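Student:
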Amino acid sequence: MDFFSGFQKIFGAKRWLELYDAREEVIAGFVMTVKVSFFSLIFALIIGVAVGLLMATQRRWITRACRAYIAFFQNTPLVIQVIIIYLVIMPAMGIYRKKVEAGIIGLSIYTGAYCATIVHSAIMSVPAGQFEAASSQGFGFIGSMAHVILPQAVRIALPPLTNQAVNLIKNSSVLSVVTARDLIYSLDSIAARSDNYGPPLLMTGLLYLCICLPISLLARRLEGRLVRHG
Numbered sequence: 001m002d003f004f005s006g007f008q009k010i011f012g013a014k015r016w017l018e019l020y021d022a023r024e025e026v027i028a029g030f031v032m033t034v035k036v037s038f039f040s041l042i043f044a045l046i047i048g049v050a051v052g053l054l055m056a057t058q059r060r061w062i063t064r065a066c067r068a069y070i071a072f073f074q075n076t077p078l079v080i081q082v083i084i085i086y087l088v089i090m091p092a093m094g095i096y097r098k099k100v101e102a103g104i105i106g107l108s109i110y111t112g113a114y115c116a117t118i119v120h121s122a123i124m125s126v127p128a129g130q131f132e133a134a135s136s137q138g139f140g141f142i143g144s145m146a147h148v149i150l151p152q153a154v155r156i157a158l159p160p161l162t163n164q165a166v167n168l169i170k171n172s173s174v175l176s177v178v179t180a181r182d183l184i185y186s187l188d189s190i191a192a193r194s195d196n197y198g199p200p201l202l203m204t205g206l207l208y209l210c211i212c213l214p215i216s217l218l219a220r221r222l223e224g225r226l227v228r229h230g
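Heads up: the sequence shown runs through residues 1 to 230, numbered per the UniProt record's numbering.
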């Protein structure tokens, strides 16, 4: 079999028609991935900002607890975390068969650890004089952060946070491990049923690109505006 006949066998029109016939399953998986990514990102940002601010208080026991959280979740595999949440923690709480919820919790906590590092680094990158100026204006810790420090830290944190958003979307494929019907699971099921792996795999990559690329471009644009109006 030469290259062209092999290519035709894998990516021929018949193979794409088989994928088209399963389009409703593909769309459902795509929508599930978008939903999971959206909610996980919101929760991850909340966790990241909260932990980053707690670390900025520089209270020893709080900082140590935050660092322990970050170290654990950054240095253990996401897939193991999700499996433990789904098969151990949730059943221990009397919660069963909540695959999507387990994925969202796992993704949020895992990505939140990285977001916390980014937020804390951005806060610490703001010149010390800004902290002193805020204090001299009568602001307490929360007021200083809200009105002086965080608006400046956003410009520093935005690019790496965008990268984490893209990573989160790609990491959402971990849902397939607990058989939640996300994009990866749906297209893999289609491929297995039809013994047709070429178009489903290519379509998987293209759909993830459709989600991730606009986010990266939007973030660059927002970053440019922040710099211009800085």
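Glycine included, C-beta positions come from ideal geometry on N, C-alpha and C.
Quick caveat, the model's predicted, so the values are computed rather than measured.
Using C-beta distances below 8 Å, list every residue in its chain close to A153, excluding the 5 sequence neighbours before and after it, in chain order.
Tutor: Around A153: V119, A122, I123, S125, V126.
Student: So the candidates are A134, G106, V82; which of them puts its Cα closest to the Cα of V148?
Tutor: Minimum Cα distance to V148 is reached at A134.
Student: List the endpoints of the continuous alpha helix (DSSP H) containing N163.
Tutor: First-last of the alpha helix (DSSP H) with N163: 150–171.
Student: For a test of the three-state rule: what should DSSP assign to D182, helix, strand or coil?
Tutor: Correct three-state label for D182: coil.
Student: Kindly indicate which residue of G198, L168, R221, N196 has the alpha-carbon position closest to the one of Y208.
Tutor: The candidate whose alpha carbon is nearest that of Y208 is L168.
Student: Does DSSP put M203 in a helix, a strand or coil?
Tutor: Correct three-state label for M203: helix.
Student: Quick check: what's the CA-CA separation for R221 versus I215?
Tutor: Distance between the alpha carbons of R221 and I215: 10 Å.
Student: Quick one: is N75 buried, meaning 16 or more other Cβ sit within 10 Å of its Cβ, or exposed?
Tutor: Burial call: exposed.
Student: Is the Cβ-Cβ distance between F11 and G198 less than 7 Å?
Tutor: Yes, Cβ-Cβ distance for F11 and G198 is below 7 Å.
Student: Say whether the region 43–60 touches the region 87–103, bearing in mind that this needs 3 or more beta-carbon pairs closer than 8 Å, one atom from each stretch.
Tutor: Too few Cβ pairs lie closer than 8 Å, so no.
Student: Using 8 Å as the threshold, is the region 99–107 in touch with the region 34–43, meaning 3 or more CB pairs across them?
Tutor: Yes: the two stretches touch, three or more of their Cβ pairs being nearer than 8 Å.
Student: How big is the Cα-Cα spacing for V82 and E132?
Tutor: Roughly 43 Å separates the two Cα atoms.
Student: Which residues bound the alpha helix (DSSP H) around L87?
Tutor: Here L87 belongs to no alpha helix (DSSP H), and DSSP marks it neither H nor E.
Student: P200: buried (16+ other C-beta within 10 angstroms of its C-beta) or exposed?
Tutor: P200 is buried by the Cβ-count criterion.
Student: Using only the alpha-carbon positions, how far apart do S5 and L158 sit?
Tutor: Going by the C-alpha atoms only, they are around 48 Å apart.
Student: If you follow the alpha helix (DSSP H) that T117 is part of, which residue opens it and which one closes it?
Tutor: 99–125 is the span of the alpha helix (DSSP H), which, as asked, contains T117.
Student: Determine the direct distance from the alpha carbon of C210 to that of F39, and round the result to whole angstroms.
Tutor: Cα-Cα distance, rounded: 18 Å.
Student: Between the alpha carbons of L175 and V100, how many angstroms are there, rounded?
Tutor: Approximately 7 Å, taken between the alpha carbons.
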